[in-house]
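Okay, structure first, notes after.
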Amino acid sequence: MTPAKAFNTWRFKQALLLVILLLLTPLSSLAINSDVDDKLDEIYIAESALSPWNSQLQPWGQYSGVPTHNGTMPPHGPNGGPGSGSVEDVTEFGIIDSPTVNWVATDDFDGADAYGSVIADFSASITATSAAIERCGFGELFGVILTSDSGTSTLSIITGDEAKIAWEVDLGQTEVIRSTPMITDIDGDAKPEIILVYDTESSLEVEVWSPELSCSESGWVKSGHENEKMWSLSESDYSIGINSPHFPTSQSNHKAVTQPLLADLDLDGDAELVIAVVDRNSDNPTVVALTLSSSTPNDFDWEVVLDRGTHPSDPSWGMLDDDSTAIVLTTIDSNSGNMWIWRIDGSTGSLDWERVSVSGTDSDSDAPRLRLPGPVVVQLDNDAAPEMILTIPTDANGRTAGNGARFVAMEMTSTDEIFQFRTPNGYSDSQPLPIDTDGDGIHDRLCWVTWYSESSVSFNRKGMAGCHDISSDPPIKEWSKDMQRGSGNDNDEIGLAPPIWMDINGDSDPELIVPFGKRLWAFDGEDGTSSEVSDGWSSPLGMPNRVWSAPAVADMDNDGTLDILIGDTLISQNIADFSPLSDGRGISFNPSQPDPGDTVTVTGQFSNIGTLDNEDDLDVVINQNGNEIVRQRFTDVEPVAPSGNGGPYTFSVDIIAELGIHSFELILDVNGNLTEAREDNNNAIVDLSVVEPYEAQIDIPNQIPRISPGSTEIVTVSLLATGSRTEDWTLSWDDSNLPSGWSIAPDGAQNNNPNLIPGIPQNFDFSATVPESALGDDNSFIVLTLSLDSDPSISFESILPIEVLRTRGLSIVGPSGLDNTNGFGRPGHVATAWMMVENLGNAYETTTSIDWTAPSWGGNPTLHESSGTEIFSLNLAPGEQKELFVNLNTPSSIQFGSVTTTTMTMCIGSGDSTLCEDLSVNLTASAVTIEQTHKRTLPNMTLQWSVEGSIPVDGVMSWNTVSANMIHKRLGMEC
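At position 315 of the sequence shown the residue is numbered 297 (the numbering used here), and the sequence of numbers has no breaks.
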């Protein structure tokens, strides 16, 4: 089977995209379906602003899994499962071709109470200790079941692998709860809530529970969760169950109960609750809807009274177009057998179809027997709108063949009938199963289950299952098979649970799996022959209690293969699965912390967490550092509880401990000759660290402590025992190397005589002080010593460095105090400009580079002291200033007034602490120059300049000191 290929022709409507996404994609088969699903998701996201609520966020979150009730299954196939790969990489689950009862969660004679099974993912709701992650539900799914005893009901969450009760609450006095729990995240915290709908003697109850699961090495904390109820709503006018007109049913205290529905009624991305109830006062069937949120509701969103019929069916949901949905259900008159179909607008509660009679009903005063199946929303043609299939449950001629229950197909957008047919015999308490066998997106097969009494004088019951080809007009029966009663009492042998399909043998038609009575049957998709399904399904599987609960399907035990949950019973593939003990317990050592030279017993521990004994010898080995040190063969490895009575299996070997870290690996089925559910859990690797008994270390801070001059800082060191013994140690320190004025001492009440546990560090705080006079490049250290009290000769040292917090700054300016300077030079002589460099930091600095940009005059600028000595690098004390001169040869041919510019970049430090400053130098060609070009002086000082230049031909050279801004008060000039 492949997914629908006809979708491409319909994409002109956004409505069709949504219909396909929410209604049709579940129809096609499994793993093959996933590619088309992805494409449809992409189309939907691109063309729709809103994302409707996804009913499959939970593995199987309500009755029949999805609100259309159309038989959606997880992706699976005969070649699915992990194979030799990892379960985490599984995209197509394995199938069940050799079924077995994996576990039974309760010891109740009738099993769980609800008429449906659900499977939930509570991984986000689990709080577990780090040492018990795997034992506390890692990778597992959970069943949610209801049980009762003496009128008191209990809600329980069951682990998928071991059937342990992880969480439960007492619901108090109730009628037997037949309505299936529902699972969804109401408040958006990624933790799912459980919605319950049930009757008490006086009212209809709606409750929302928000489970918080807690687990440790000792197991699950299953009780004490009564305060985790989010809210409840009580309505005394309504009941979800009504007395059955069928005498054997009513006498056994069974009521006709409907199944509540979760669906996105207004396509806003949130699920609403829909319930078909009966008014206790008027006896009118009524449909109510309720918005789900974290706040307690005051009333229902809408209530629709149905004024025809005595018993309502389960409601179903369908999407009519891109912005409207509908709720559909039927009612039946228990006195006449007449039936009506009703359609209600999902968003408003408007009654779109009122009192539409269903044709082909029988005169019957005995229906419904146990429940009235609801419509199934399907796709039967190439138009965008969905269709539905109704169940007329009555058998007109009783046990006589020829006139069994009838199925009627109708449009959902009109009251037009598409087809109807009768089953060969029997009454139908369960909805039919539509299947798309060729993957074109259109349902072409309808499978069904009926039951009847074999005799008018006894309650011996018999079942019948079959499939019709509904692509033909009229539909053609492909096959039907009888199902004989099993070991149950007369009342058990009823076909109440709907069938499911599974592609078991890879043929063109999927197989049909049918719960009936106290057995689980499988029929080949092509002709209904059970022996053609597989050897394991050639005869029905006996069940521990009656199978009235609708199945739920998912990989509950995290082995990559589907499981079937029916009430409190899990059916799984009959196969072994060998695994080391969980949570790192596959390899153990005795002693656990050996000293060098000790004899160590290395023990491998594993169990069979599957459902079948090993069919051949199991060889296991332990390797040390890649070398095999022990091998053992096990001939009989029985599964552990709850699937069997086997326990952990162990084997050991003694080694001599050697100093170092050693890797040990446990390998199960080392020869690879056994078939298992999965192989990715066949090994465990554990490291053993062998150290001296008395080892310790002092860990200093990752960053060297740097303290600002004149301040005190807290310096923390960590004391750690790295040996194998817990002992008392003493910390001492030597501060004799500290300079004068530096100090270090314990900060307050510190324990310098700690008891050190291996692997657990203890901190020790020092208070370190540096004097104000300390320079930024000053540093020192203290010696820390950790000595063993019982043997002081065993000690370990560490050096704690302490540095002064270094500040770094560099200033380069010209005469104006800015980052530029000007100079002059006569052609053929040296042009000179003045500059000053200052160390702004608190430590000695040495320049690491002095670079120049190329001047237009050519040549290379140089730096000089006032004495004329060329400088290639500078050494500056903190706060030191140094006057320097930039020299550049002035070309002989240069024109007077010509200017060249160069930029000097001077850097100190290196790496991330590099600091660079730039100075722009402008040099001008002049006929006359003055040396020095700039002088810094104090008042009352005599200054001299040397004027150099060529005297003009007229023999006169003059300058204007006023224009040069050199005439000031009390400033004298003479030449």
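All residues carry an ideal CB built from backbone N, CA and C; glycine is no exception.
These numbers were taken from a predicted model, which means no experiment stands behind them.
Own chain partners of residue i with C-beta closer than 6 Å, once the 5 adjacent residues on each side are dropped
i	result
L354	H293, S295, I314
V496	V431, A447, P481, W503
G908	Note that residue 908 is Ser in the sequence shown, not Gly. F806.
S838	T882
S932	none
I476	W433
I832	M888
V910	G931
P357	S298, V310, M370, L372
8 Å CB neighbourhood of residue i in its chain, flanking five on each side removed
i	result
S874	P809, G810
G542	G62, G63, P64, V69, V72, F75, G76, A659, R660
E493	W483, M484, D485, I486, N487, A504, F505, D506, G507, V515, W519
S521	S512
D801	I794, V795, E899, D900, L901, S902
I140	A87, F124, G125, V126, I127, K146, I147, A148, D550
G937	none
E674	D577, P578, L641, G705, S706
Alpha carbon of residue i to alpha carbon of residue j, nearest angstrom
i	j	result
P481	E74	21 Å
V672	L768	21 Å
T915	G805	7 Å
N36	G121	21 Å
L352	A96	13 Å
A349	T312	13 Å
A308	L302	7 Å
Q413	S112	46 Å
E208	I591	33 Å
V190	S700	50 Å
G319	L372	14 Å
T162	S298	14 Å
A145	V668	29 Å
M321	A114	56 Å
M525	F91	11 Å
L22	P406	Interpretation of L22 is limited by its pLDDT of 34, a score under 50 that renders its predicted location unreliable; the figure taken from the coordinates is listed afterwards. When rounded, the distance between both Cα atoms is 39 Å.
T617	L594	13 Å
S138	I176	11 Å
Q361	L244	21 Å
Neighbourhood of residue i by C-beta, 7 Å cutoff - its chain only, sequence neighbours within 5 removed
i	result
I781	F763, V765
D474	G499, K500, R528
S185	S216, E217, S218
S435	R381, F441, N442, R443
R337	R290, W322
Beta-bridge partners of residue i, as assigned by DSSP
i	result
R688	E785
W213	V190
H293	I314
P497	L502
M538	Bridge partners of M538: none, in fact.
P267	V260
E150	S138
M817	L866
I637	V582
I569	G586
8 Å Cβ cutoff, residue i in contact with chain C
i	result
I168	This model lacks chain C altogether, as it is built from one protein chain only.
Requested in this report: Inspect the CB distances between the segment 796 to 815 and the segment 855 to 872 and report whether three or more fall short of 8 Å.
Outcome: yes
Query raised in the report: For the segment 883 to 909, which segments carrying the alpha helix (DSSP H) assignment without a break, of at least 4 residues, lie completely within its bounds, in sequence order?
Result: none
Report task. Would you mind listing the beta strand (DSSP E) stretches within the segment 356 to 408 that are 3+ residues and don't spill past its ends, in chain order? Result -> 358 to 360, 369 to 374, 388 to 393, 399 to 404
Query raised in the report: Would you say the segment 447 to 456 touches the segment 81 to 91, given that touching needs at least three Cβ pairs under 8 Å?
Result: no
Query - Residue ranges of each beta strand (DSSP E) within the segment 155 to 192, 3 or longer - result: 164 to 166, 175 to 181, 186 to 191
Query raised in the report: Whole beta strand (DSSP E) runs in the segment 642 to 680 with 3 or more residues, listed along the chain?
Result: 642 to 650, 665 to 672
Report task. Just list the beta strand (DSSP E) runs in the segment 690 to 763, keeping only unbroken ones of 3 residues or longer that don't cross its boundaries, in chain order. Result -> 694 to 703, 709 to 716, 725 to 728, 744 to 751
Query raised in the report: Counting Cβ pairs, one atom from each stretch, are 3 or more of them under 8 Å apart for the segment 200 to 214 and the segment 264 to 273?
Result: no
Query raised in the report: Touch check for the segment 272 to 281 and the segment 389 to 403: three-plus C-beta pairs under 8 Å?
Result: no
Query raised in the report: Can at least three beta-carbon pairs, one atom from the segment 642 to 655 and one from the segment 596 to 605, be found at a separation below 8 Å?
Result: yes
Query - In chain order, each alpha helix (DSSP H) run of at least 4 residues that lies wholly inside the segment 430 to 478 - result: none
Query raised in the report: Quick one: any contact between the segment 617 to 634 and the segment 578 to 590, if contact means 3 or more CB pairs under 8 Å?
Result: yes
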